[in-house]
Structure formats: C-alpha cells, structure tokens
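Okay, so here's the structure we're looking at.
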Amino acid sequence: MSATLTPTTAPGSATAAATDRGHWYVGGAMTLVGLYALVAFGLGSRTDDGAKAVFNLNLLGDQAIKVPDLTVPAGPTAIALSLVCVAVGVLRLAVRLTGSRRTAATSAYLVAFVAAFLVWATSGHSLNFTSVLNATVLAATPLILGALCGVLCERSGVINVAIEGQFLVGAFAASFFASVSGSLWAGLVAGCLAGGLLGAMLAVFANRYLVQQVVLGVVINLFAAGLTGFLYERLMQANPEYNKTMAFSAIRIPVLSDLPVVGPVLFGQNAVFYLTVILIAVVQIGLFHTRWGLRTRAVGEHPTAADTVGIKVVAMRYRNVILGGLIAGLGGVWLTIGLNITFNKNMAAGQGFIALAALIFGRWSPLGAVSAALLFGFAGGISVSLQPLETPVPTAFLSMTPYLATIFAVAGLVGAVRAPAADGIPYTKS
Amino acid sequence: MAKLMRLVAGVAGLSLFVAGCGSAPEEEESGTGAKASDFSACMVTDTGGIDDRSFNAASWAGMQAAKKSTGAEVQYVASTSENDYVPNITRLISQKCNLVVSVGGLMAEATGQAAKANANQKFAIVDSGSVPPNVYGMEFNTAQSSFLAGYLAAGMSKSGKVATFGGLPIPPVTIFMDGFYEGVQYYNKQKDKKVEVLGWNEAKPKSGSMANSFTDQGAGKRIAGNFIQQGADIIFPVAGGTGLGAAAAAKESGGKVSVIWVDTDGCESASQYCDVFLTSVTKGIAGAVQTTIETAAKGQQLTGSYLGTLENGGTGLAPFHQFDGKVPAELKAELEKIKQDIISGTIKITSPNQPKSS
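Protein chains in written order, with this note's numbering: chain Y, 1 to 430; chain G, 431 to 788.
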C-alpha cells in the first residue's frame with residue numbers, strides 16, 4: 001500500500017503520510033474502546049450468571065448436513081474477545097505497524113470487537129448466524145452490481161450518480177416485461193437494457209454535451225423516478241397482471257450447497273446471484289489483466305496521453321458507461337424478479353447511493369467494492385437480526401450501525417483514497 | 431434484441447405522450463348525479479402523494495365519495511416535502527375553499543397555525559386531534575383492532591411465535607404494534623399459553639424491529655425472513671409498502687407463513703398476495719373524510735372530533751378471504767366476544783399511543 005503518486009498509480013492507493021505519532025492516537029483510541037467493550041460486553045449485567053449465547057448455524061429447510069448449534073458461555077467469551085481488542089490496541093500503541101501487518105491487526109481488532117458485541121447481544125437468546133449471512137448476501141447483491149457499474153464508469157472518467165435511477169428503470173422493466181411475456185429471462189434482458197439505455201443517456205449528455213456529470217446524474221435519477229412512477233400508476237396499478245410476483249427459483253449447486261453455514265448462503269441462490277458472482281470476476285480480471293482494462297484505466301487517468309497513443313477516448317467512455325448501465329440494470333432486476341417482489345414506486349430506496357459509497361470505500365476497484373458492499377450488507381443483516389433480541393441498544397442506534405461500521409472500517413483499513421485523475425472531466429480535443 | 435430495444439423506446443415515448451395528454455385531473459370532471467353544490471372541499475396531501483395506497487389515497491377516495499353524494503367540488507394539492515404544508519394550505523385558503531382537509535399528523539402544526547390566523551376558515555385533519563374552534567380532527571384507535579389481530583394471530587400460530595415490525599418508530603405506527611402485542615398477551619392469559627411476540631415489546635418501545643422505510647421492500651423481506659428463521663409463522667408488518675416484502679417472504683414459505691395487513695384490506699390493495707393475508711387491520715379514513723365533508727356541505731357545524739373505533743366501525747378487521755375456512759368457528763366467536771368487551775370497556779387497552787377520546 002505504500003505508494004508513490006505517479007500518474008500510473010492505481011487510484012485509491014493510500015499515501016503513506018502517517019505521522020510518527022499517528023500510531024499513539026490510533027492505539028490509544030483502540031485500547032480505550034477495547035476496555036469499554038470489556039466493561040460493557042464482558043462484565044455487564046446482560047452476560048451475568050453464566051448466561052449462554054446460542055448461535056444457530058442452519059437455515060430452515062432440507063439441509064443435508066446439519067451443524068449443531070454453537071453455544072458459548074456469554075460472559076467469559078465476551079471477556080476473552082474484548083481482551084483481544086485491548087491487546088491489539090496496546091500493540092498498536094507500542095509498535096508502529098505498517099503495511100499488511102497493520103491491516104491484519106486492524107482486521108483482528110474489528111472482528112474481535114464485532115464478535116464480542118454479538119455474544120453480548122445474543123446472551124440469553126439465540127441468533128441464527130447463517131440467517132444473518134444470508135441477509136448479508138441478499139442485501140449486498142444489488143450494491144455489488146451498482147458498484148461494478150460505478151467502477152466501469154468512473155474508471156473510464158465518467159462520474160455516475162445515476163445508479164439509483166438505473167436500478168429503478170431496471171426493476172420496473174424487469175417486472176413489467178417478465179409479467180407480460182411470462183418469461184423471467186425476457187424480464188432480465190429488458191431490465192438490463194433499461195439500465196443500459198439510461199447509461200447511454202448519461203454517456204451522450206456527459207460526452208457529447210459536456211454537462212456537469214453530478215448534476216446530470218441527479219437529473220437522470222429524478223427522471224427515472226418520475227418515469228417509473230408515472231408508468232407504474234398508468235400501467236401497473238390498474239392492471240396487476242403487468243406486475244406479477246415472479247422470481248428466479250433457487251438453483252442448489254450439488255454438494256457445495258450442502259456445506260454447513262456457507263453452503264445454502266453462497267450456493268443455494270438464484271441465477272441472478274450467480275450472474276453477479278461471474279460479473280465480479282469478469283470486471284476484476286477485465287480491468288486489470290486485459291487490453292480493454294488497461295485502456296479503460298488510461299482513459300480515466302490521463303485521456304490526453306491515451307489519445308496520443310491512438311485510444312479512442314470518447315468511444316471508450318461511451319462503451320463503458322453503457323456497459324455499466326447494463327450491469328446496474330441487472331441490479332434493478334434483482335430488486336424485483338430476483339427477490340420475488342413486485343415493482344413499487346421508489347423501491348430502490350437509496351440503494352443506488354449506497355452502491356456509490358461502496359465504490360468509493362472500495363477504492364474504485366471491483367473487489368474492494370464487493371468487500372464494502374458485503375460489509376454494508378452484513379451490518380444491515382446484523383441490525384435486522386438483533387432488533388428482536390431486545391438488547392438495551394435502541395433500534396434507532398442499531399439501524400445506524402451499518403454506516404458506523406463503514407466509517408470505522410474505512411478509517412481503519414482503507415485510509416486516504418484517490419479517484420481516477422480524469423474522473424468527471426469531459427474529454428475534448430483542444 | 432433490436433426489437434426489444436424498439437419496444438422499450440416505444441413505451442418510453444408513449445409515456446411522454448400520455449403524460450402530455452393526461453393533464454386533466456379528475457377534480458375537473460363535472461359532478462355526477464348529485465346536484466351541483468357551491469360547497470368546495472380541498473385537500474392537502476402528505477409527502478406520500480395521492481396514490482400511496484394508504485392514508486392519502488384513502489382520504490382522496492373519501493373526498494370523491496362525498497363529491498358524488500353531495501355534489502361538492504373537491505380538489506387536492508400535493509405536498510412534495512414538509513416545506514410545502516404551509517404554502518399549500520395558504521393557497522387553498524386564498525382559493526376560498528369552504529373546508530381545507532389536511533392529511534397526516536405531521537401536518538398538525540401547519541394546520542393549527544393556519545387555523546389561528548384564519549379564524550373563519552374551517553379545517554379538518556386526518557390522524558390528528560381537534561383544535562377548537564375551527565379544526566376538526568379525525569383519529570383512529572387502531573390499537574383496538576390490532577388487539578383483535580394479535581389475539582387472532584396467537585390463536586392461529588402453530589409455532590407459538592408471531593412477529594411484527596414497523597416502518598418508523600412513530601405513534602401512528604407503534605399504536606398498531608402495541609395493540610397487537612396486547613392482544614397476544616391477552617390470549618396467553620386466557621388460554622394459559624406462551625405465544626411469543628418477536629419484534630415488539632410494549633414495555634420496551636425503544637428496541638422494536640423497524641425497517642426505517644415505508645418503501646424498501648427488500649428490507650421488509652429480509653426482516654420477515656429473519657423472523658421466519660426464528661420460527662415465527664404470522665407476521666404483522668406496519669410499514670406501508672415495505673410490508674409487501676414481508677408478504678413476498680410469506681408467499682415463498684409455501685403456506686407456512688401468513689401476514690396480517692394494515693390500513694386497507696390487503697386483498698383489495700395488494701391482491702397479488704391475497705393468499706397469504708390472514709386478515710387486515712383496517713382504518714376507515716375514507717368513510718370518516720366522506721362523512722365530515724357531507725356534514726360540512728349540509729351547513730352543519732363540525733363539533734368535537736371524530737374517533738374511529740371498533741364500535742363505530744372506524745377501525746376493524748377485514749374479512750378473512752381465503753383463510754375464512756381455516757379460522758376455527760370457535761376463534762371467530764371469541765374474537766366477536768373480545769370485540770364486544772373492548773367496546774364495552776371490559777377489556778382495557780393500555781397503549782400510551784392511543785388517541786385521547788374527546
């Protein structure tokens with residue numbers, strides 16, 4: 001991660017500008033929070049009297065291999081995990097860690113802290129951990145697709161804040177065309193195309209008419225919300241047969257889906273999910289290991305240089321923004337026929353913007369964005385699962401945890417990020 | 431591919447065309463049947479808009495029904511944000527509306543201020559209390575009907591676990607959850623059972639399950655999925671459109687899980703999920719608005735306030751529809767008995783969110 005900032009640097013690399021005293025502040029804060037965890041989670045009244053925390057590891061249904069519930073004594077476990085936090089904090093205080101060691105220490109700290117919190121919250125109750133993971137994957141899928149769209153657009157130098165709108169039109173088109181044609185695949189294709197169409201609109205206004213791209217994206221979002229809302233009222237509200245509940249059924253991958261815990265979560269989902277997994281690999285490999293990827297990055301970093309070696313900058317941007325639109329459209333497809341939900345006005349509910357956040361926190365890289373999306377999803381899944389456990393933590397606070405977790409993870413693990421140099425700057429030949 | 435593209439483009443083009451033509455709103459149609467009246471009632475919607483399938487839509491339906499029966503002129507203005515309340519109300523006053531109807535408790539303050547400044551103007555407000563002398567309040571004690579729903583859910587649950595979640599922790603939402611919770615507790619006391627309520631405990635109102643959205647169906651589905659994994663087999667979502675996600679989760683369970691809908695009869699407002707709706711807790715907004723306008727149009731004074739209860743039918747349980755055969759006759763009889771007991775006051779509902787009767 002120690003990087004020199006030359007034009008060839010990958011965007012998002014942290015600058016190694018940490019001051020010598022930085023690790024004292026960080027270490028001190030980590031130690032204090034660890035001690036707080038020790039007092040609040042380990043020694044608090046919730047974990048008193050040998051209370052147990054039970055973690056169920058099976059989903060309901062015909063799982064071939066059942067794993068026994070994980071039962072831990074809440075008090076001692078929470079104390080042990082909090083002590084790990086304190087130890088990492090002291091380590092950071094004593095030694096100035098760099099690079100992968102620092103990342104490893106911070107990761108261990110975060111995992112131990114979250115685990116201590118979970119044990120404390122579950123104390124005296126039971127929590128279905130596999131269900132949390134499943135909720136994580138379901139919530140993260142649209143965010144991943146939206147973030148991949150963002151990667152394609154921004155890596156080639158076009159800011160796309162219209163992911164929300166692309167979700168909406170994708171969701172609408174998927175539900176409408178699947179209902180009318182009776183074919184889920186027709187719905188999928190239509191949803192992707194609708195997203196792509198909006199992408200094309202963004203590309204034209206950004207590249208041809210040089211409209212300020214953030215403003216443009218906001219306007220496209222409003223347009224998409226208005227259009228789908230209007231069509232919903234005119235077409236779907238009066239005729240429910242244009243908005244049926246339809247969904248891709250789950251495809252259980254033999255053997256793998258029988259694995260305990262992760263099996264049903266990763267290998268028991270539907271086609272849209274598997275398509276998403278394939279897309280992650282395609283975008284990651286494409287961006288960093290193919291000629292197309294190199295050109296895309298060149299166009300996003302230094303379009304003039306790319307132009308002088310004969311890369312068609314504007315054509316590249318058109319192509320990538322439209323491709324990104326197709327992927328964001330798939331995110332919309334997931335929201336309706338991927339989740340077996342009918343279309344409803346404004347149903348994207350801000351997820352396009354969270355995808356945008358995942359893109360930035362993931363440092364404009366596909367895998368980084370996926371991790372960020374999974375983190376958002378996990379925090380959301382946890383807050384949903386903890387709400388019924390009647391913890392002393394107010395619901396309003398629990399609902400805040402996904403965002404809180406993100407801020408800490410970004411501050412602790414990611415550091416300074418840098419956008420592609422030519423992001424948002426239209427290319428014109430002078 | 432190209433064909434589909436053309437189709438998509440065609441639909442988009444068509445929509446713009448229809449948008450251009452469809453500028454004549456319904457309120458400009460001339461009165462049907464009833465003789466024209468010079469009485470006019472005007473409504474300000476909340477930010478949900480006229481077609482929210484919830485209280486704005488229901489209020490507008492009541493306005494239109496009143497127009498049919500009295501010939502009164504009706505119209506509405508939509509608020510797109512909370513900042514629109516005051517300008518919208520002011521605009522309607524300047525248009526010489528005889529009665530200004532504001533929809534939603536969030537508009538109470540704006541309405542109260544306008545009422546003070548315009549002492550001769552008549553107002554009515556949905557989901558908020560009266561402010562004498564010129565604001566007529568319409569409120570609904572949905573805790574009563576939710577109590578019945580809770581008792582029904584407890585009686586119908588096979589797993590001994592029922593669940594509820596809300597959209598936001600605000601009184602118009604939590605009143606349903608309180609009533610539901612109390613209904614289950616009453617069942618437990620009567621039958622000596624231990625049916626558990628997931629997601630809400632009236633004594634700990636800070637730690638209930640909330641989706642924090644009235645539109646995010648994905649969130650509703652995840653919350654419901656979590657409840658199902660924990661063993662709940664009847665879910666009571668009080669979260670508007672978000673609740674549709676719970677219905678979707680129930681539908682996927684293949685008949686194991688059912689849902690109790692809120693505000694309107696789910697089999698009418700979200701008919702695609704009718705087969706998972708055990709029943710619905712209804713709120714008679716349309717009827718209340720209609721009666722209010724009819725009263726005002728006849729020139730009678732609007733006095734006191736309206737409180738929808740089980741007794742006057744302002745709130746209640748919708749028909750069981752497809753579950754009609756599955757609900758035991760005994761349970762139906764018990765529900766009827768409880769309803770009478772609530773009306774007579776034998777059963778006291780303690781929810782602090784209930785509107786004060788005047």
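Each residue gets a CB set at the ideal place from its N, CA and C atoms; glycine is no exception.
Residue i classed as buried or exposed, judged by whether at least 16 other C-beta atoms fall within 10 angstroms
i	result
V67/Y	exposed
I600/G	exposed
P517/G	exposed
D754/G	exposed
K497/G	buried
L32/Y	exposed
A315/Y	exposed
G743/G	exposed
Q269/Y	buried
E766/G	exposed
E458/G	Bear in mind that a pLDDT of 39 at E458/G, under 50, signals an unreliable position, so the model cannot answer this.
W691/G	buried
P782/G	exposed
L222/Y	exposed
S558/G	buried
Residue i in three-state terms, based on DSSP
i	result
Y209/Y	coil
L428/G	Residue 428/G lies beyond the stretch modelled for chain G, which goes from 431 to 788, so this question has no answer here.
K497/G	helix
S181/Y	helix
V219/Y	helix
A727/G	helix
V90/Y	helix
G596/G	strand
P366/Y	helix
T391/Y	coil
G609/G	helix
Cβ separation of residue i and residue j, assumed to be a contact under 8 Å, to the nearest whole Å
i	j	result
G146/Y	I163/Y	4 Å
K651/G	A669/G	Wrong, their Cβ atoms sit about 11 Å apart, outside the cutoff.
K312/Y	Y232/Y	Not confirmed; about 39 Å, so no contact.
CA-to-CA distance, residue j to residue i, given in whole angstroms
i	j	result
A417/Y	P264/Y	In the sequence as presented, Ala is not what sits at residue 417/Y; that position holds Val. Each residue's Cα considered, the two are about 35 Å apart.
L216/Y	T672/G	29 Å
V72/Y	K786/G	48 Å
A419/Y	I327/Y	21 Å
L367/Y	S639/G	32 Å
E612/G	V261/Y	37 Å
S701/G	P240/Y	8 Å
V283/Y	L148/Y	7 Å
I605/G	K526/G	36 Å
Q770/G	G684/G	35 Å
A538/G	I653/G	32 Å
I285/Y	I278/Y	11 Å
G775/G	G609/G	15 Å
I768/G	T336/Y	40 Å
F353/Y	S179/Y	28 Å
D470/G	Y506/G	Sequence inspection shows Ser at residue 470/G; the Asp mentioned does not correspond to that position. Cα to Cα, the separation comes out at about 11 Å.
K728/G	E569/G	22 Å
V84/Y	A112/Y	7 Å
T395/Y	T98/Y	37 Å
T290/Y	R319/Y	16 Å
G714/G	F343/Y	26 Å
M236/Y	W364/Y	37 Å
D468/G	S710/G	38 Å
G535/G	S643/G	18 Å
D423/Y	S156/Y	7 Å
L184/Y	P426/Y	38 Å
Y581/G	H751/G	18 Å
A633/G	I779/G	14 Å
Q166/Y	G226/Y	13 Å
Interfacial residues, the segment 634-650 of chain G to chain Y, with Cβ spacing under 7 Å: Identification of residues in the segment 634-650 of chain G having a C-beta nearer than 7 Å to some C-beta of chain Y yields K634, K636, S637, G638, S639, M640, N642, S643, T645, D646, Q647, G648, given in sequence order.
Near-chain G residues of the segment 246-265 of chain Y - C-beta to any C-beta below 9 Å: The residues in question are A247.
What residues from the segment 665-679 of chain G come within 8 Å of chain Y, judged by C-beta to C-beta, listed N to C? Of all residues in the segment 665-679 of chain G, those with a C-beta nearer than 8 Å to a C-beta of chain Y are G671, L674, G675, A678, reading in chain order.
Quick one, which residues of the segment 614-633 of chain G are near chain Y if we go by CB-CB under 7 Å, in chain order? Interface annotation for the segment 614-633 of chain G against chain Y: L628, G629, N631, criterion Cβ-Cβ distance under 7 Å.
Taking beta-carbon pairs under 8 Å, can you tell me which members of the segment 596-607 of chain G lie near chain Y? Residues P599.
Of all the residues that make up the segment 128-141 of chain Y, which are near chain G by a beta-carbon distance shorter than 7 Å? Listed by position along the chain: N128, S131, A135, L138, A139.
Selection of the segment 694-715 of chain G by Cβ proximity to chain Y, strictly under 9 Å: Residues A700, S701, Q702, Y703.
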